[in-house]
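Numbering that gives the first Met the number 0 numbers the first residue of the sequence shown as 0 and each following residue consecutively.
The beta carbon of each residue, even a glycine, is placed where N, CA and C say it ideally should be.
In what follows, a single structure is set out as structure tokens and then discussed.
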Amino acid sequence: MELSLRLRTICNMIDSCKTIADIGTDHGYIPIYLIKNKICDFAIACDINKGPLEKAKENIKLENLEDNISLRLGSGFDVITPGEANMAIIAGMGGHLIKDLIESGMEVFKSLDYLILQPVQNPDVLRKYIYDNGFEVIKEELCIDEKIFYEIIKIRYANKEKDINNIENSVENDIFYEVSRDLINKKHPLIDEFIQYKINKYSNILKYIQEDSSLANLRKKEVKEKIYKLEELLR
Ligand SMILES: C[S@@+](CC[C@H](N)C(=O)[O-])C[C@H]1O[C@@H](n2cnc3c(N)ncnc32)[C@H](O)[C@@H]1O
């Protein structure tokens, strides 16, 4: 079984532990890889849909790992008891859904050493939620897999006081919801390319706003501000 670069990058952020929980496991590749590579002893592979769990079951059987991986049908952390897993992964879902799953599984989240998130859309929504709630960002990662950027965020529950001087919490610096401050600080090798990709994306959006209505002009202003803030990050 050859893992994609995206999944390998996620797995490389996981420290050795007893039990992991993979929320939205689908094919079950993450738990299988983690057990086979002795990163954990036991895994709980969860999914809200029967089809993906069946797929995971087949893959787990092929690898003879039935005794090491428990399959659970249900939403988010509903199927996990606090204290059952040392860490969890939620990968391949949108930022809004991930946020909702953390919110409704708060007791399990609090019991984890850390949680790894890989939002496919709206990572900004997720970062805002993380900062607003004072959770601790342990580390972030970025990779390009099949020409697509993937952002991975490792967090743990904390109840840090909201600091108005903290740049991450400042509305003027909402660009850091879109571009990870951790990746900028550690000069991640892909960060400039990622910022440039975002500048190009917003420049293209700007070209498509043809209307001259007040709403369209407001949107143009917002997009221009975003481009300006992104360009500032490259200076
Ligand atoms: C795109 S797949 C991602 C699979 C894998 N985590 C990965 O990153 O490659 C999303 C999976 O999440 C599952 N899912 C969606 N909503 C869920 C929820 N509320 N709780 C658990 N699993 C969910 C879907 O059934 C699907 O199998």
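| Item | Value |
| --- | --- |
| Exposed or buried, which one is Met0 when buried takes at least 16 other CB atoms within 10 Å? | exposed |
| Pick out whichever of Glu231, Leu229, Ile204 has its Cα sitting closest to the Cα of Arg218. | Ile204 |
| Under 7 Å from any heavy atom of ligand 1, does the C-beta of Ile147 make it? | no |
| With DSSP collapsed to three states, give me the class of Leu70. | strand |
| So is Asn11 buried or exposed if we call it buried at 16+ other beta carbons inside 10 Å? | exposed |
| What are the partner residues of Met235, as DSSP defines its beta bridges? | Outside the displayed span of the chain (0 to 234) sits residue 235, for which this structure offers no information. |
| When you compare each of Cys39, Gly91, Ser15 to His26 by their alpha carbons, which one comes out closest? | Gly91 |
| Can you find a heavy atom of ligand 1 that lies under 7 Å from the Cβ of Thr80? | no |
| From the beta carbon of Asn203, is the nearest beta carbon of chain D less than 8 Å away? | As a matter of chain content, chain D is missing from the structure shown, which is built from one protein chain. |
| How would you call Lys98, buried or exposed, if buried means at least 16 neighbouring beta carbons within 10 angstroms? | buried |
| Who are the near neighbours of Asp144 in its chain, counting only those whose CB is closer than 7 Å to its CB and skipping five residues on each side? | Ser3, Leu4, Arg5 |
| Report the residue from Ile152, Leu61, Pro81, Val222 whose alpha carbon sits nearest the alpha carbon of Phe134. | Ile152 |
| For Thr80, count neighbouring Cβ atoms within 10 angstroms of its own Cβ and tell me buried if that reaches 16, exposed if not. | exposed |
| Just how far apart, CA to CA, sit Cys142 and Glu150? | 7 Å |
| Could you tell me the alpha carbon to alpha carbon distance between Ala157 and Glu210, rounded to whole angstroms? | 45 Å |
| Heavy atom of ligand 1 less than 7 Å from the Cβ of Gln120, yes or no? | no |
| In chain order, what residues place their C-beta within less than 5 Å of a heavy atom belonging to ligand 1? | Gly23, Asp25, Asp46, Ile47, Asn48, Pro51, Ser74, Gly75, Ala90, Gly91 |
| Please report the distance separating the alpha-carbon of Leu72 from that of Leu100. | 15 Å |
| How big is the Cα-Cα spacing for Val170 and Arg180? | Unreliable positioning characterises Val170 in this predicted model, as indicated by a pLDDT of 43, which lies under 50. A coordinate reading is not provided. |
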